[in-house]
């Protein structure tokens with residue numbers, strides 16, 4: 001079963017949290033092509049969030065080509081290229097990592113410092 | 124569907140003016156605003172406790188003037204006044220008032236009372252404020268309304284019950300046929316579940332918007348003073364000057380990127396309300412928002 005966790009006071013809007021988690025589920029293969037998603041109202045009830053929020057999340061994913069809507073039936077996961085999605089995700093992470101590393105260097109951290117910090121955080 | 128058109132109520136020293144909005148069925152409307160802004164007055168107009176001086180209300184296409192009986196069957200409410208008989212037990216109150224509602228189910232009422240850890244043999248008058256609200260809420264749900272009108276329903280609820288309450292409300296509208304109008308000071312309750320927000324200020328509905336346009340329209344931007352000062356002036360609605368970092372409520376544009384050193388987020392309803400109130404403090408004329 002699909003697990004979505006909402007952090008109400010997060011800095012990200014709730015619909016974005018849903019979008020990201022659904023994307024992750026698709027990349028990880030927890031949601032498979034052709035699979036039906038819970039209805040907009042069903043998901044809103046499940047997560048106790050507004051209907052407009054879940055509707056928006058599905059619409060965003062539809063725009064990105066990850067979901068398709070079938071009139072009168074609901075939303076389905078598209079046939080997609082998992083490798084492509086994975087690559088895109090890695091690209092974004094690499095870009096963010098580069099930024100962070102740049103900032104670390106500017107702040108005078110050594111390679112040793114950075115590795116230690118990462119290891120501590122990974123615990 | 125709730126339609127309010129140019130709704131107005133005049134009192135000595137207070138008036139609600141030109142309130143116009145539409146709430147489609149299947150959605151939750153959260154009413155916010157300071158004390159005395161007109162939230163309770165608007166709810167009482169929707170309940171026909173007050174009769175409007177101007178304008179009109181349509182509830183699922185019906186008007187109180189013609190079909191009051193039918194409309195009342197469809198409305199469940201929680202108000203701040205104690206409307207039940209203090210000397211009666213909860214069960215007796217249920218029996219007494221339940222007979223006015225065609226779809227009242229005693230079974231449902233008892234089930235909810237147990238779920239809310241209320242004892243049906245207790246006298247209504249002996250309940251605490253929070254328990255009285257719980258009982259009103261249970262009664263409102265047990266006659267299968269199509270519209271719930273709630274005035275500060277969670278004010279005296281403990282945290283655990285508030286979670287239950289939010290669940291019941293989202294379940295209530297899940298079939299897409301029913302609606303909820305809820306006024307509250309606990310705006311956190313609305314952050315997650317409200318589809319529409321109505322902001323009342325000095326008797327006027329100064330903002331009525333759905334969540335999507337609210338999220339598109341505003342950002343809170345925080346950071347160093349000089350960075351905040353660099354933000355485009357025409358889109359700064361309000362700036363709060365704090366000692367170390369400044370905070371701005373911005374009118375957001377889709378194409379706008381903020382400097383990455385700034386912390387940017389969609390305002391919570393509380394933040395939005397506070398900033399808008401401060402931005403309009405002592406101001407006359409059109410409400411800036």
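Protein chains in written order, with this note's numbering: chain Z, 1 to 123; chain R, 124 to 412.
No residue lacks a Cβ here, since even glycine has one placed at the ideal position from N, Cα and C.
A quick note: this is a predicted structure, and the numbers were derived from the prediction, not measured.
task: Pick out whichever of R/262, R/234, R/255, R/133 has its Cα sitting closest to the Cα of residue 219 of chain R.
output: R/262
Contact list for residue 106 of chain Z against chain R, beta-carbon separation under 9 Å: Chain-ordered listing is empty here: chain R has no CB closer than 9 Å to the CB of residue 106 of chain Z, the nearest sitting near 13 Å.
Residue-chain proximity (residue 71 of chain Z, chain R), Cβ-Cβ < 8 Å: Taking Cβ atoms only, chain R never reaches closer than 8 Å to residue 71 of chain Z, which makes this a no.
message: For the ligand COA, I want to know if residue 94 of chain Z counts as a neighbour, meaning its beta carbon is within less than 7 Å of at least one of the ligand's heavy atoms.
response: Of the ligands one can find in the structure shown there are none, so the ligand COA has no counterpart to examine.
message: Let's see if you can read the secondary structure: which residues bound the alpha helix (DSSP H) around residue 221 of chain R?
response: 213-221
task: Check whether the Cβ atoms of residue 341 of chain R and residue 395 of chain R lie closer than 8 Å to each other.
output: yes
Assigned exposure category for residue 92 of chain Z - 16 Cβ within 10 Å defines buried: exposed
Residue 95 of chain Z - containing alpha helix (DSSP H), residue span: 82-106
- request: Hey, could you find the ends of the alpha helix (DSSP H) residue 25 of chain Z is sitting in?
  value: From DSSP, the alpha helix (DSSP H) with residue 25 of chain Z extends over 14-27.
query: CB residue 187 of chain R to CB residue 302 of chain R, shorter than 8 Å?
result: no
Cut-off 7 Å between Cβ atoms - residues of its own chain near residue 14 of chain Z, not counting five sequence neighbours on either side: 6, 49, 53
- prompt: What's the call for residue 100 of chain Z, buried or exposed, on a 16-neighbour Cβ count within 10 Å?
  reply: exposed
- request: Check whether the Cβ of residue 97 of chain Z lies closer than 8 Å to any Cβ atom in chain R.
  value: no
field: DSSP-derived helix/strand/coil call for residue 117 of chain Z
entry: In this structure, DSSP gives residue 117 of chain Z a helical state, which the three-state scheme calls helix.
field: Top-ranked residue by Cα proximity to residue 324 of chain R, from R/270, R/164, R/267
entry: R/164
- request: Give the single residue among R/267, R/278, R/268 whose Cα lies nearest to the Cα of residue 251 of chain R.
  value: R/278
query: Hey, would you say residue 295 of chain R sits closer than 8 Å to residue 271 of chain R, going by beta carbons?
result: yes
Test item: CB-CB of residue 33 of chain Z and residue 77 of chain Z under 8 Å: In contact: residue 33 of chain Z and residue 77 of chain Z (Cβ atoms closer than 8 Å).
- request: Out of Z/31, Z/20, Z/108, Z/61, state which residue places its alpha-carbon closest to the alpha-carbon of residue 89 of chain Z.
  value: Z/20
- request: Could you name the residues of chain Z that residue 333 of chain R contacts, counting a contact when the two beta carbons are closer than 7 Å?
  value: 52
- prompt: By a C-beta neighbour count over all protein chains shown, 10 Å radius and 16 as the cutoff for buried, is residue 411 of chain R buried or exposed?
  reply: exposed
query: Should residue 388 of chain R be flagged as near chain Z, meaning a C-beta pair shorter than 8 Å?
result: yes
- prompt: From this set, R/132, R/260, R/385, which residue's C-alpha is nearest residue 173 of chain R's C-alpha?
  reply: R/132
Residue 319 of chain R - containing alpha helix (DSSP H), residue span: Per DSSP, residue 319 of chain R belongs to no alpha helix (DSSP H); it is in the beta strand (DSSP E), 319-324.
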